[in-house]
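One structure is given below, encoded as structure tokens.
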Amino acid sequence: MDRLLLVCAFVVMIAASTGHAQWQQVAGPDGGPVTRLAVNPANGYVFALANGMPYRSANEGASWTPLITGINGRFKANAIASSGSDTYVTGIYGSNIPFYHSTNYGATWAVTSSTGMPQFFFPDAIAISGNTVVASSTINAGIYFSTNHGEIWQVAT
Numbered sequence: 000m001d002r003l004l005l006v007c008a009f010v011v012m013i014a015a016s017t018g019h020a021q022w023q024q025v026a027g028p029d030g031g032p033v034t035r036l037a038v039n040p041a042n043g044y045v046f047a048l049a050n051g052m053p054y055r056s057a058n059e060g061a062s063w064t065p066l067i068t069g070i071n072g073r074f075k076a077n078a079i080a081s082s083g084s085d086t087y088v089t090g091i092y093g094s095n096i097p098f099y100h101s102t103n104y105g106a107t108w109a110v111t112s113s114t115g116m117p118q119f120f121f122p123d124a125i126a127i128s129g130n131t132v133v134a135s136s137t138i139n140a141g142i143y144f145s146t147n148h149g150e151i152w153q154v155a156t
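According to numbering that gives the first Met the number 0, the sequence shown holds residues 0 to 156 in order.
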């Protein structure tokens, strides 16, 4: 009986030790907390928001590139999405809520006109489906979509 108990304990220990082999900790960008993650299905790039700024990893999180060219330094990002060569990020800059678009995976950014979006609409999630960008807000309880890279927005009904 003791031998059977010993064999069972040994099997459980081996199973438990190999069960954690699937995950590997990597260094996050900027050493701060990561608030959002997005993956570009076209190329596997991983995007992260850390300390309010966007970052990109082209090697599954082993290293990170800050994506700040064209973004105001006091901008605090809170949502990001990427598909194809298009990447979008939004957040807060003072009392403004800019919506940025990049056509080169976040290497450079341009702020969109965001025509049709309410002045104080605060998107906390962005999704991309084909040529449509969708932004939602739990604060303002609304969903808006754009078919021209965030230039003109319409309320989803």
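All C-beta atoms, glycine included, are put in the ideal place defined by N, C-alpha and C.
Query                                                                                                                                                                       : Result
Out of Asn139, Asn130, Trp108, point me to the one whose CA is closest to proline 65's CA.                                                                                  : Trp108
Which whole-angstrom value is the C-beta distance of phenylalanine 98 and tyrosine 87, which I expect to be below 8 Å?                                                      : 7 Å
For asparagine 139, which residues from the same chain have a beta carbon less than 8 Å from its beta carbon, with the 5 sequence-adjacent residues on both sides left out? : Pro117, Phe119, Phe120, Phe121
Is valine 110 close to chain C, meaning its C-beta is less than 8 Å from at least one C-beta of that chain?                                                                 : Absence of chain C from the displayed structure is noted, only one protein chain being present.
Quick check on the burial criterion: 16 or more other C-beta atoms within 10 angstroms. Buried or exposed for leucine 159?                                                  : In the structure as shown, the chain begins at 0 and stops at 156. Residue 159 is therefore absent and cannot be evaluated.
Could you tell me if threonine 131 is buried or exposed, where buried requires 16 or more neighbouring beta carbons within 10 angstroms of its beta carbon?                 : exposed
Would you kindly report the start and end of the unbroken beta strand (DSSP E) that includes methionine 52?                                                                 : 52-56
Please list, in chain order, all residues of the same chain as threonine 89 whose beta carbon is under 6 Å from its beta carbon, the five residues on each side excluded.   : Ala78, Phe98, Pro122
State buried or exposed for tryptophan 63, treating a residue as buried only when at least 16 other CB atoms are found within 10 Å of its CB.                               : buried
Residues in its own chain within less than 6 Å of proline 28 by CB, not counting five upstream and five downstream?                                                         : Ala47, Ala49, Tyr54, Trp63
Let's test the definition: count the other Cβ atoms within 10 Å of the Cβ of valine 6 and tell me whether it reaches 16, buried, or not, exposed.                           : Model confidence at valine 6 stands at a pLDDT of 46, short of 50, so the residue's coordinates are unreliable and nothing is read from them.
Give the straight-line distance between the Cα atoms of leucine 36 and glycine 43, rounded to the nearest whole angstrom.                                                   : 12 Å
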